[in-house]
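Enquirer: I have a structure I would like to understand better, so I am pasting it below and will then ask my questions one at a time.
Protein chains in written order, with the working numbering: chain A, 79 to 321; chain B, 38 to 395.
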């Protein structure tokens, strides 16, 4: 039974079609990667999935709830990490991570602090809990953002470019963390990225979007996509060729 | 189904979904029960747990810490065991106090003064070097800034001037009428406006509108590393960003001061006309008591105030720290600094004009 279904998702801005008729399912406990070149609509599709953008056409549902009609129910089932981390600059990491707990649960403050501290320790930030976002590195911001997305242990985590702009070691650390959390918590991950090493390391399945085709051009495991020789964009992407 | 616990002699059994959404009421009870059982071995039984997420695992660890002695876990499935092992490994020490935050060093009074003087010096140097760097200036920027600082502030200045003129005239006319000197209100208001209130009030308006806008704009650029990008491209931020702002503000200041003076005089005239004085008598009083020097003095003072307000706004923005809070702090510093500097400079001008006999 798929935990996420995307059926005919389309996004049009004025006269410009970003993508049309994109359909795929994501199974529970899967790491699903949405990939593609710059400007193909990866982040736009993610915004549709988290309800920040209403699709021009099509339907998306997460854990049985329609994103269009039951967004409040969907928001309890998802955690989102934005590309910049989007941590609140006026709060330290502990407060950032305990914020969803304060909003959605009736846990006492001491329990919220303890849980937030454990989440931060889980992403390797146990020593930085009282630091402000402006005092930590880009990799630490991304990890703290994952910890905040994990605050309520949602069944689905959606990550926008989690390893963009990070050095290979930190990037590999984030990839390892995703797999570790998937194995330990059974969380389903939807990851938007165009970092090939990350895709090969973490993806169970991938959906590839293309700006020229204005939609989905390939769907399958990274190995299957790597062996795809019929679609020039897929070949170029996985074999670093020029078109 | 909600999470629950049952306590027996040496065991605590947790049941139901052990997730963040269901632990609010259970958490303090479970921790208290574990603490009460300290001193003898405790068994935490989670075989009745239908779900165990990291929040549930955190509760088990909190119970272990509260008990402080020998605790054994019963009924965890393979995934639960792995999750708890992973959390135990990640946590440095469950009893360790929270690490202290390193306080961000505040800029001391002396360092703050040094930064301000250095900024003033850099701006003067940029002005000196301007003829060779004219290519860095963008005319469109200058006119945009002048429009925002001048034209868009005009309605506010006119309204403030008119109201201040009316209030001043009304408040002074009542006591002066007792001595039959209410016509001299025209002299009082005109001199006050030309020499003091006109430039001072416009400077306050500029500090609130323009200085804070400069600080927010440049502060955001600083936070987004746009200033660093300019510097690495060999473009002096003082030349490209500060000088056009200071120049535009200084140039719009006389126009705004004139607008404030005229609006204030109109406000005063309305009150005096309501008191029964003809326009000709009021005009004669104004021209008799104020000379062009009063008017020009006010304009000159105003231009210095404007330069100070603009430079303080730009300095606050360019020295903003990291994060969105820094932008707010820069805007506050620009308004407060601009108003304080204006009043201080006004005091200096008062002493100077007195010594010069003006």
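Here a beta-carbon is modelled for each residue, glycine too, at the ideal position from N, C-alpha and C.
Once the 5 residues before and after residue 373/B are set aside, which same chain residues still bring their CB inside 8 Å of it?
Expert: Here residue 373/B is taken as the residue at index 336 of the second chain, counted from 1. Same-chain partners within the cutoff: there are none.
Enquirer: Tell me whether residue 126/A sits in a helix, a strand or coil according to DSSP, three-state version.
Expert: Position 48 of the first chain holds residue 126/A. In this structure, residue 126/A counts as helix in the three-state DSSP scheme.
Enquirer: Measure the alpha-carbon distance for residue 67/B versus residue 204/A and round it to whole angstroms.
Expert: Translated into positions along the second chain, residue 67/B becomes position 30. Translated into positions along the first chain, residue 204/A becomes position 126. So the two alpha carbons sit approximately 24 Å from each other.
Enquirer: Within its chain, find whatever has a CB closer than 6 Å to the CB of residue 253/B; leave out the 5 residues flanking it on each side and keep chain order.
Expert: The residue you call residue 253/B lines up with position 216 of the second chain. For residue 253/B, where only same-chain residues beyond five positions count, the Cβ hits under 6 Å are 364 and 368.
Enquirer: Taking a Cβ distance cut-off of 7 Å, strictly less, list which residues of the stretch 192-206 of chain A are near chain B, in chain order.
Expert: Cβ contacts with chain B: 192, 193, 196, 197, 199, 200, 204 and 205.
Enquirer: List, in order along the chain, the chain A residues whose C-beta lies closer than 9 Å to that of residue 120/B?
Expert: Position 83 of the second chain, counted from the start, is the residue given in the question as residue 120/B. Within chain A, the residues near residue 120/B are 262 and 263.
Enquirer: Determine the closest residue to residue 156/B out of 78/B, 175/B and 273/B, with distance taken between C-alpha atoms.
Expert: Mapped onto the second chain, residue 156/B falls at position 119. Measuring from the Cα of residue 156/B, the nearest candidate turns out to be 273/B.
Enquirer: Quick one: complete beta strand (DSSP E) runs, 3+ long, within the stretch 144-208 of chain A?
Expert: List check, beta strand (DSSP E) in window: 156-159.
Enquirer: Using the Cα positions of residue 399/B and residue 85/B, report the straight-line distance between them to the nearest angstrom.
Expert: Given that chain B is displayed from residue 38 to residue 395, the structure contains no residue 399/B and the question cannot be resolved.
Enquirer: Under 9 Å between beta-carbons, which chain B residues line up against residue 230/A? List them in chain order, please.
Expert: Residue 230/A sits at position 152 when you count from the first residue of the first chain. Residues of chain B passing the Cβ test: 56, 57, 58, 90 and 92.
Enquirer: Distance cutoff 8 Å, beta carbons only. Does residue 173/A sit that close to anything in chain B?
Expert: As a working mapping, residue 173/A is identified with position 95 in the first chain. No, residue 173/A does not count as interfacial toward chain B.
Enquirer: Going by C-alpha to C-alpha distance, which of 208/A, 244/A, 191/A and 99/A sits closest to residue 163/A?
Expert: As a working mapping, residue 163/A is identified with position 85 in the first chain. The candidate whose alpha carbon is nearest that of residue 163/A is 244/A.
Enquirer: Can you list, in chain order, the residues of its chain whose CB lies under 7 Å from that of residue 239/A, leaving out five sequence neighbours each side?
Expert: Counting from 1 along the first chain, the entry for residue 239/A is found at position 161. Around residue 239/A: 161, 270 and 271.
Enquirer: By the three-class DSSP mapping on this structure, what secondary structure does residue 111/B have?
Expert: For this step, residue 111/B is matched to residue 74 along the second chain. In this structure, residue 111/B counts as strand in the three-state DSSP scheme.
Enquirer: Rounded to the nearest angstrom, what separates residue 305/A and residue 249/A at their Cα positions?
Expert: Along the first chain, read from residue 1 onward, the residue named residue 305/A stands at position 227. Along the first chain, read from residue 1 onward, the residue named residue 249/A stands at position 171. Using only the alpha carbons, I get a separation of about 25 Å.
Enquirer: At least one CB of chain B closer than 8 Å to the CB of residue 182/A: is that the case?
Expert: The residue you call residue 182/A lines up with position 104 of the first chain. So, interface residue.
Enquirer: Taking only beta-carbon positions, decide if residue 185/A is within less than 8 Å of chain B.
Expert: If you number the first chain from 1, residue 185/A lands on position 107. Taking Cβ atoms only, chain B reaches closer than 8 Å to residue 185/A, which makes this a yes.
Enquirer: Mind pulling the chain A residues with CB within less than 7 Å of residue 95/B?
Expert: Walking along the second chain from the start, residue 95/B turns up at place 58. Residues of chain A passing the Cβ test: 192, 193 and 196.
Enquirer: Apart from the five residues just before and just after residue 267/B, which ones in its own chain have a Cβ nearer than 6 Å to its Cβ?
Expert: Position 230 of the second chain, counted from the start, is the residue given in the question as residue 267/B. Once the five neighbours on either side are set aside, the close Cβ partners of residue 267/B are 274.
Enquirer: Along the chain, where does the beta strand (DSSP E) containing residue 236/A start, and where does it finish?
Expert: Taking the first chain and counting its residues from 1, one reaches residue 236/A at position 158. That run of the beta strand (DSSP E) goes 234-238.
Enquirer: Could you tell me which residues DSSP pairs with residue 288/A in its beta bridges?
Expert: Translated into positions along the first chain, residue 288/A becomes position 210. For residue 288/A, which the question treats as bridged, DSSP gives the partners 293/A.
Enquirer: Thinking C-alpha only, which one of 188/B, 222/B, 223/B and 219/B is nearest residue 239/B?
Expert: Within the second chain, numbered from 1, the residue matching residue 239/B stands at position 202. The residue with the shortest Cα to Cα distance from residue 239/B is 188/B.
Enquirer: At 3 residues or longer, what runs of the beta strand (DSSP E) sit wholly inside the stretch 187-273 of chain B?
Expert: List check, beta strand (DSSP E) in window: nothing returned.
Enquirer: Checking the sheet assignment: what are the DSSP bridge partners for residue 325/B?
Expert: Within the second chain, numbered from 1, the residue matching residue 325/B stands at position 288. The partner list for residue 325/B (beta bridge, DSSP) is empty, contrary to what the question assumes.
Enquirer: Quick check: the stretch 255-263 of chain A against the stretch 283-294 of chain A, are there 3 or more CB pairs under 8 Å?
Expert: No: fewer than three Cβ pairs fall under 8 Å.
Enquirer: Evaluate the contact criterion for the stretch 323-335 of chain B versus the stretch 346-360 of chain B: three or more CB pairs, one atom per stretch, below 8 Å.
Expert: No, because fewer than three Cβ pairs between the stretch 323-335 of chain B and the stretch 346-360 of chain B fall closer than 8 Å, the two stretches do not touch.
Enquirer: Give the range of the alpha helix (DSSP H) segment to which residue 151/B is assigned.
Expert: On the second chain, position 114 is the one that residue 151/B refers to. Its alpha helix (DSSP H) spans residues 146-165.
Enquirer: If you follow the alpha helix (DSSP H) that residue 65/B is part of, which residue opens it and which one closes it?
Expert: As a working note, residue 65/B is residue 28 in the second chain. First-last of the alpha helix (DSSP H) with residue 65/B: 63-73.
Enquirer: Tell me where the alpha helix (DSSP H) around residue 302/A begins and ends.
Expert: By one-based count along the first chain, residue 302/A stands at place 224. Start and end: 300-304.
Enquirer: Whole angstroms is fine: what's the gap from residue 101/B's alpha carbon to residue 135/A's?
Expert: The sequence position of residue 101/B within the second chain is 64, counting from 1. The sequence position of residue 135/A within the first chain is 57, counting from 1. Approximately 52 Å, taken between the alpha carbons.
Enquirer: Is the stretch 115-129 of chain A in contact with the stretch 201-218 of chain A, if contact means three or more CB pairs nearer than 8 Å?
Expert: No: the two stretches stay apart, fewer than three of their Cβ pairs being nearer than 8 Å.
Enquirer: Which one of 300/B, 91/B and 216/B has the shortest CA to CA distance from residue 116/B?
Expert: What you label residue 116/B is simply residue 79 of the second chain in a count that begins at 1. Residue 91/B is the option with its Cα nearest to residue 116/B.
Enquirer: Quick check on DSSP: helix, strand or coil for residue 110/A?
Expert: Residue 110/A sits at position 32 when you count from the first residue of the first chain. In the structure shown, residue 110/A sits in a strand (DSSP, three-state: E or B).
Enquirer: Report the neighbours of residue 362/B on chain A: residues whose CB is nearer than 9 Å to its CB, in chain order.
Expert: On the second chain, residue 362/B is found 325 positions in, with the first residue counted as 1. By Cβ distance, chain A contributes 167, 168, 210 and 212.
Enquirer: Which chain A residues sit within Cβ distance under 8 Å of residue 42/B?
Expert: Position 5 of the second chain holds residue 42/B. None at all; the shortest Cβ gap to chain A is about 14 Å.
Enquirer: Could you spell out the range, first to last residue, of the beta strand (DSSP E) harbouring residue 139/A?
Expert: As a working mapping, residue 139/A is identified with position 61 in the first chain. From DSSP, the beta strand (DSSP E) with residue 139/A extends over 135-140.
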